[in-house]
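Chains A and B, in that order, give the protein sequences. Per the working numbering, residue 1 is the first one in the first sequence, and the count goes up by one each step. Per the working numbering, residue 435 is the first one in the second sequence, and the count goes up by one each step. Ideal Cβ positions, reconstructed from N, Cα and C, are used throughout, including at glycine. Please read the structure below before turning to the comments.
There are 2 protein chains.
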Amino acid sequence: MFERLRGTRDFLPNEMAARKKVFSSIKKSVEEFGFFETDTPGIELFELYSIKSGEEIIDELYAFEDKGGRMISLRPELTPSVVRVLVSRAKELSFPVKWYSIPRLWRYERPQSGRLREFYQLNIDIFGSEDPRADTEVISCAIKLLCDLGFDESDIEVRISDRRMLQEFLLNLGITNYQDVLKKIDKREKISERDFKEMLAGISLDHTQINEIEEFLNSKGDFLKSIEGLSCAYQGEGISKVIFSLRKIAQSLNDRGYEKFITFDPSIVRGLDYYTGMVFEVHDRKREFRALFGGGRYDNLAELFGGEHIPAVGFGMGDAVLELMMRRKNIWPEEKVEIDLFIATIGDVEKEVSKLLTSLRNNNFKVDCDIMGRNLSNQIKFANKLGAKSLLIVGERDLNEGNVTLRDLESGKESKISLNGIISEPSKYLTKVL
Amino acid sequence: MFERLRGTRDFLPNEMAARKKVFSSIKKSVEEFGFFETDTPGIELFELYSIKSGEEIIDELYAFEDKGGRMISLRPELTPSVVRVLVSRAKELSFPVKWYSIPRLWRYERPQSGRLREFYQLNIDIFGSEDPRADTEVISCAIKLLCDLGFDESDIEVRISDRRMLQEFLLNLGITNYQDVLKKIDKREKISERDFKEMLAGISLDHTQINEIEEFLNSKGDFLKSIEGLSCAYQGEGISKVIFSLRKIAQSLNDRGYEKFITFDPSIVRGLDYYTGMVFEVHDRKREFRALFGGGRYDNLAELFGGEHIPAVGFGMGDAVLELMMRRKNIWPEEKVEIDLFIATIGDVEKEVSKLLTSLRNNNFKVDCDIMGRNLSNQIKFANKLGAKSLLIVGERDLNEGNVTLRDLESGKESKISLNGIISEPSKYLTKVL
């Protein structure tokens with residue numbers, strides 16, 4: 001017997017039915033924000049990732065040489081592919097573009113709760129707008145899609161910051177090895193305060209600087225109030241610009257009714273190297289799970305990929321943590337399949353069944369029938385397993401009078417109807433599952 | 435600038451919108467036949483394919499060693515994965531099962547018209563029934579889904595045969611190296627008659643045998659009539675069983691109204707090693723393209739994979755030839771995106787826009803808005819590019835009277851409406867795209 005690879009998943013129809021409901025809810029929410037779906041290959045040139053994806057992702061690549069001698073890789077994230085498409089087809093596009101996709105991604109990691117080797121990840125991105133309204137759209141979309149799935153502000157917290165703010169703050173402290181400090185801050189939540197401080201000391205930060213950083217990172221709170229606080233505490237052209245943009249985002253999110261979801265949290269930096277401005281993460285309030293998702297601004301990636309300057313903001317949300325969180329809250333859809341009708345047969349009635357099948361399916365009903373030659377009681381058992389709403393019994397005896405028996409499998413109510421009637425006007429007798 | 439790998443594709447939103455319509459039509463058709471969607475990984479153990487997929491597929495595998503030292507492969511076809519799932523989870527299932535999936539597949543081939551290195555392939559299979567009605571269901575589903583896409587009997591031909599029929603025929607001629615002959619027959623359409631005959635002579639067939647084979651393979655025609663002809667020409671227990679089953683399939687397909695689509699064609703054998711009985715291929719009538727799809731019975735694969743005996747019948751249809759055929763007939767959907775409403779703004783009206791966006795999206799409208807600070811005329815141009823059905827102009831002056839302007843972008847008709855009205859009851863003013 002063969003096994004599937006560790007960290008990959010199979011989905012039977014009932015499991016798939018639940019997942020399809022979740023994905024279709026997500027797509028609906030995202031499309032309400034004017035995002036359009038795109039699609040890109042599952043395999044790409046290796047160099048697409050070696051440029052800017054960050055060491056962690058490079059270490060986890062499924063990369064190999066193809067039969068033509070090219071180094072290629074299964075995609076570990078979508079952003080590089082999307083930016084590649086954007087750069088190569090920019091001339092066809094009217095900016096800003098709002099794109100989404102739910103790609104299958106692969107990372108060679110140690111499989112654990114909420115982390116798989118093959119997973120799906122919703123990606124949404126706005127390209128071509130530097131305006132804070134683009135940031136607001138992206139964050140609002142994140143919140144709305146979670147609400148549409150059944151979450152509310154008691155479940156989730158959106159923690160927002162801005163890398164430029166942190167950079168300005170560090171410059172104010174006389175610290176210039178910004179990228180090094182950023183990498184340490186990204187690891188902060190996984191280690192003790194003492195270890196964190198030691199790490200900072202290890203890259204030549206002094207005691208005062210370290211304490212100031214620690215204090216700054218802990219200044220988490222109400223988004224708009226925090227921004228006002230920062231605007232009093234820090235001056236200068238650089239920081240004013242960042243504060244102006246963050247204030248606009250905070251104000252709009254409040255106007256849109258998302259105030260209770262959002263927190264200003266300067267400790268959020270995000271691992272990926274390519275972020276340049278606003279960054280955010282979504283967590284469950286109880287912090288039982290790893291980040292549900294994260295995103296932010298990455299205004300320089302198109303240029304790095306050989307294109308024009310195209311500002312960008314977006315996020316990626318994996319399906320594994322989402323499923324864990326939905327199951328915990330009991331909002332994962334019921335895992336069951338459904339059809340409209342099962343046709344059970346008694347005797348040789350194949351001609352009539354053929355006519356029924358063609359007519360009902362041409363009228364868009366989901367219909368199945370016996371293909372095993374089972375007795376009636378076993379056919380009915382099977383119809384129930386398929387989640388059939390109705391059962392149509394086609395028997396030789398009934399057919400002598402031109403009749404068939406229609407049974408509602410929920411109520412058990414049964415009635416004799418004319419075979420020709422249901423063939424010519426199925427909608428008079430049946431309703432559709434969806 | 436980065437390029438995508440040869441034989442892979444990117445889809446922009448307008449291209450994707452057309453493809454989504456095609457895929458959703460296919461899913462609908464298939465679900466009307468009671469097939470349920472499943473999902474399996476894009477990567478599998480290499481051995482899953484080395485067993486029974488046939489040399490051609492093995493040569494084209496994207497196979498490599500993963501970081502844990504396992505030989506793995508991108509999936510080149512779905513059937514082995516589905517059978518793996520079936521065998522490993524047979525105890526949870528109520529047979530027969532009818533499954534479908536539209537996996538992304540990878541084969542390292544020379545990219546050409548209708549043949550790509552990465553493509554999608556609809557797979558449908560019925561497991562657990564030996565009954566010819568299962569074969570009929572699968573072939574009917576193939577025909578129905580093509581009709582639902584806009585094809586008719588003048589476009590497509592379903593050529594059906596049975597490997598056992600050919601085997602019995604060869605045994606009657608005293609030929610026992612059945613598999614060798616089968617491989618030659620599979621190549622027959624690509625070479626001249628003379629080369630074909632030479633190939634057969636090369637595996638020690640004599641002149642009479644070769645001519646009889648050639649005559650048999652050319653005995654293409656009306657399905658039911660051909661079967662009746664064969665039933666007169668050939669006797670014996672083995673062949674009677676095959677004829678009985680083919681006659682039932684032919685009769686049912688006629689009863690279902692698909693007579694004009696189907697032909698009996700004994701030259702159809704299908705490349706894959708695992709087929710055991712009925713085999714079929716779908717072609718465009720003009721034979722401009724390679725086979726649109728093929729399938730058949732493969733009753734032994736579950737056993738080969740270490741499971742019980744689970745009879746199976748199904749087919750796989752790739753998206754590349756389908757797209758070529760649809761474009762040739764001008765039934766490929768229009769490549770355009772659409773949204774319900776674009777909100778254009780004049781002046782500082784952000785609070786009002788925020789309220790509108792939240793309300794309209796909560797009411798499931800697809801809404802976009804300006805995030806560029808453009809002037810009105812450029813906002814309207816952009817709205818048209820997004821395929822917006824309506825335009826809502828929110829301007830400071832109108833707002834003084836509590837009004838906004840709603841314009842139908844198709845008719846150009848415009849009316850002043852109350853801001854509070856459209857916020858509280860959007861469905862009174864707008865209709866949805868879908």
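Residues of its chain near residue i, where Cβ-Cβ distance is below 7 Å and the 5 sequence neighbours each way are ignored
{"i": "Asn818 of chain B", "result": "Leu843"}
{"i": "His309 of chain A", "result": "Ala302, Glu303"}
{"i": "Gln167 of chain A", "result": "Tyr178"}
{"i": "Glu490 of chain B", "result": "Gly705"}
{"i": "Ser245 of chain A", "result": "Pro132"}
Interface flag, residue i vs chain B, CB-CB below 8 Å
{"i": "Phe11 of chain A", "result": "yes"}
{"i": "Pro426 of chain A", "result": "no"}
{"i": "Leu322 of chain A", "result": "no"}
{"i": "Gly66 of chain A", "result": "Reading off the sequence shown, one finds Asp at residue 66 of chain A, where the question assumed Gly. Yes - at least one Cβ of chain B is within 8 Å of the one on Asp66 of chain A."}
{"i": "Arg256 of chain A", "result": "yes"}
{"i": "Tyr108 of chain A", "result": "yes"}
{"i": "Ala134 of chain A", "result": "yes"}
Chain A contact for residue i (CB, 8 Å cutoff)
{"i": "Leu639 of chain B", "result": "no"}
{"i": "Tyr496 of chain B", "result": "yes"}
{"i": "Thr779 of chain B", "result": "no"}
{"i": "Thr839 of chain B", "result": "no"}
{"i": "Phe480 of chain B", "result": "no"}
{"i": "Asn798 of chain B", "result": "yes"}
{"i": "Ser828 of chain B", "result": "Note that residue 828 of chain B corresponds to Val in the displayed sequence, not to Ser. Taking Cβ atoms only, chain A never reaches closer than 8 Å to Val828 of chain B, which makes this a no."}
{"i": "Ile805 of chain B", "result": "yes"}
{"i": "Ser686 of chain B", "result": "yes"}
{"i": "Gly741 of chain B", "result": "yes"}
{"i": "Ser845 of chain B", "result": "no"}
CB contact flag (residue i, residue j, <8 Å)
{"i": "Leu833 of chain B", "j": "Leu864 of chain B", "result": "no"}
{"i": "Ser463 of chain B", "j": "Asp582 of chain B", "result": "yes"}
{"i": "Val138 of chain A", "j": "Ile124 of chain A", "result": "yes"}
{"i": "Arg9 of chain A", "j": "Leu116 of chain A", "result": "yes"}
{"i": "Gly752 of chain B", "j": "Gln546 of chain B", "result": "no"}
{"i": "Lys432 of chain A", "j": "Asp340 of chain A", "result": "yes"}
{"i": "Val828 of chain B", "j": "Thr779 of chain B", "result": "yes"}
{"i": "Glu478 of chain B", "j": "Ser507 of chain B", "result": "yes"}
{"i": "Val713 of chain B", "j": "Ala568 of chain B", "result": "no"}
{"i": "Ile677 of chain B", "j": "Ile661 of chain B", "result": "yes"}
{"i": "Asp66 of chain A", "j": "Tyr692 of chain B", "result": "no"}
{"i": "Arg808 of chain B", "j": "Leu825 of chain B", "result": "no"}
{"i": "Asp186 of chain A", "j": "Val321 of chain A", "result": "no"}
{"i": "Pro76 of chain A", "j": "Leu48 of chain A", "result": "no"}
Residue i at chain D interface by Cβ criterion, 8 Å
{"i": "Phe36 of chain A", "result": "Among the chains of the structure shown, chain D does not appear; the protein chains present are A and B."}
Local conformation of residue i per DSSP, three classes
{"i": "Thr474 of chain B", "result": "coil"}
{"i": "Phe244 of chain A", "result": "helix"}
{"i": "Val269 of chain A", "result": "coil"}
{"i": "Asp493 of chain B", "result": "helix"}
{"i": "Gln112 of chain A", "result": "strand"}
{"i": "Phe749 of chain B", "result": "strand"}
{"i": "Gly221 of chain A", "result": "strand"}
{"i": "Lys850 of chain B", "result": "strand"}
{"i": "Gly663 of chain B", "result": "helix"}
{"i": "Asp582 of chain B", "result": "helix"}
{"i": "Gly855 of chain B", "result": "helix"}
{"i": "Met806 of chain B", "result": "coil"}
Beta-carbon separation (whole angstroms), residue i vs residue j, contact threshold 8 Å
{"i": "Gly34 of chain A", "j": "Asp804 of chain B", "result": "Actually they do not touch by this definition, with Cβ atoms about 11 Å apart."}
{"i": "Gly42 of chain A", "j": "Glu552 of chain B", "result": "6 Å"}
{"i": "Gly729 of chain B", "j": "Leu512 of chain B", "result": "With 8 Å as the limit, Gly729 of chain B and Leu512 of chain B do not qualify as a contact, their Cβ atoms being about 12 Å apart."}
{"i": "Pro700 of chain B", "j": "Leu639 of chain B", "result": "With 8 Å as the limit, Pro700 of chain B and Leu639 of chain B do not qualify as a contact, their Cβ atoms being about 16 Å apart."}
{"i": "Met325 of chain A", "j": "Asp284 of chain A", "result": "6 Å"}
{"i": "Val158 of chain A", "j": "Phe261 of chain A", "result": "5 Å"}
{"i": "Ser240 of chain A", "j": "Ser788 of chain B", "result": "So it is not a contact: roughly 24 Å between Cβ atoms."}
Neighbourhood of residue i by C-beta distance below 8 Å, restricted to the same chain and skipping five residues each side
{"i": "Ile644 of chain B", "result": "Lys631, Leu634, Ala635"}
{"i": "Asp11 of chain A", "result": "The sequence given here has Phe at residue 11 of chain A, not Asp. Only Arg19 meet the Cβ criterion."}
{"i": "Asp614 of chain B", "result": "Ile637"}
Contacting residues, own chain, Cβ-Cβ under 6 Å from residue i (five flanking each side not counted)
{"i": "Lys532 of chain B", "result": "Gly468, Phe469, Ile560"}
{"i": "Phe95 of chain A", "result": "Gly128"}
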